[in-house]
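Structure record follows, encoded as structure tokens.
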Amino acid sequence: MPLLFEQIQIQVECKMCPVISPITGILHCSPPGNPFRDGVTLLEIMAAMMILAFAFIPIVGVIGTGATDTDVTNSYIFAQTAARTILENLLDNVPFECVHLEPGSVSDLDGTNSEDHVSSFKDSGTFKVASFVALLGNTADLLGRGTLVDGRGTNYSVKLLVFPIEGVDSDTPDPDTEITFNYLPRPDFENASASDKSTWYTGDEYVPAGNLRPYDYAVSSVKVNARGLGVSPGTNASEMYCLMKRFLLRIRWKTPPTRERFLEIFTAKANLSKKDD
């Protein structure tokens, strides 16, 4: 009986043939007629999961990078939109005399980035600067600085700098240090009149003796400065005979929290309220 049992056992083992698993590549024995078994071992399952995990690592990295890039893009869009709104209102609605240069250095609201040429706002006539200052953020003040917050909770530090272009206290224009204007005086033929009406001469026969024809008229230009145009000297020492102020709007923020970014936009505003008397 023991010998018969061994023979039976040998016959059973001999009916097994080695087969390589198509999933893991592991060599094992499988009954003939069914070389690829319907079931899988725990080792095969674990190996397949590891393969899938390694395959998804690059995909997860791409998704994470894409989300970061989207946040950065949205932050720039928010800053650009805010800057456009602020500067358009400054140029279109705020009177020239409402914006002045604050003496000394002024920091941001968080106490950092102290610098000169920070703007200062004051009411003028019926215009109240509070309506404009509110565009700089809920925490804005009259020194042209504030903090804006977007929908993701990112804080944007806003500061408006001003650079007045002063004029000289002299009737002699200096184009190297101030804004000057050149113009040609009206020709004599434009001043001629007949029967209390302006007369325009178009030919030699209509040109009075001693007058040049329009296309022969040659005269030197006249140069004037702000004082010559009657501009007020002003009360601010840094804005004497000022006709134009240059502005620099700076917006700073962090996206991601460890990376500081900024946007700077430059523009200018002229005093166009002077009327020709």
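Counting from 3, one number per residue, gives the positions in the sequence shown under the working numbering. Quick reminder that beta carbons are idealized off the backbone N, C-alpha and C, glycines included. Just so it is clear, the structure is predicted and the values come from calculations on it, not from any experiment.
The beta carbon of K271 lies closer than 6 Å to those of L93 and K247 in the same chain, with the five residues before and after it left out. Straight-line spacing of the CA atoms in N76 and D171 works out to 49 Å. Listed as beta-bridge partners of R188 by DSSP are no residues whatsoever. When only Cα atoms are considered, Q82 and E168 end up about 30 Å apart.
In the three-state reduction of the DSSP assignment, V131 falls in the coil class.
Here E180 carries a coil assignment [DSSP, helix/strand/coil]. In its chain, beyond the 5 residues on either side, L111, G148 and T149 have a beta carbon closer than 8 Å to the beta carbon of T141. The region 220 to 228 and the region 173 to 187 touch, with three or more beta-carbon pairs separated by less than 8 Å.
Here F80 has D152 as same chain residues with Cβ atoms under 6 Å from its own Cβ, once five neighbours each way along the sequence are excluded.
In this structure, R254 sits near S159, with a CB-CB distance shorter than 8 Å.
DSSP places L231 in the coil class of the three-state scheme, outside both helix and strand. If you look at T43, you'll find it isn't in any beta strand (DSSP E); DSSP assigns it neither H nor E.
DSSP places P166 inside the beta strand (DSSP E), whose first and last residues are N157 to I167.
A direct Cα-to-Cα measurement between S109 and S122 gives close to 13 Å. Annotation: the continuous beta strand (DSSP E) that includes E266 extends over E262 to A272. In the DSSP assignment, R154 falls outside any beta strand (DSSP E) and carries neither an H nor an E. By the criterion of a C-beta distance shorter than 7 Å, K161 is surrounded in its chain by D110, V120, G146, R147 and R252, once the five residues flanking it on both sides are discounted.
For E104, the secondary structure class from DSSP, reduced to helix, strand or coil, is coil. Taking C-beta separations shorter than 6 Å and ignoring five residues to either side along the sequence, the partners of V131 in its chain run C100, F123 and D125, following chain order. Straight across, the Cα-Cα distance linking S107 with S234 is about 27 Å. For L251, the enclosing beta strand (DSSP E) covers residues M246 to K256. The beta carbon of S223 sits closer than 8 Å to the beta carbons of N184, Y185 and L186 from its chain, once the five residues preceding and following it are set aside; these are given in chain order. Judged by DSSP in its simplified three-state form, S172 adopts coil rather than helix or strand. Linking T257 to E266 through their CA atoms gives a straight-line distance of about 17 Å. Bridge pairing for E117: V108 [DSSP]. Nearest neighbour of N91 by Cα position, chosen from P259, T72 and A136, turns out to be A136.
Residues T149, V151 and W255 of the same chain have their beta carbon placed closer than 7 Å to that of N157, with the five preceding and five following residues left out of the count. Annotated as proximal: F268 and L250, with beta-carbon spacing under 8 Å. Take the alpha-carbon of S133 and the one of L89: they are about 13 Å apart.
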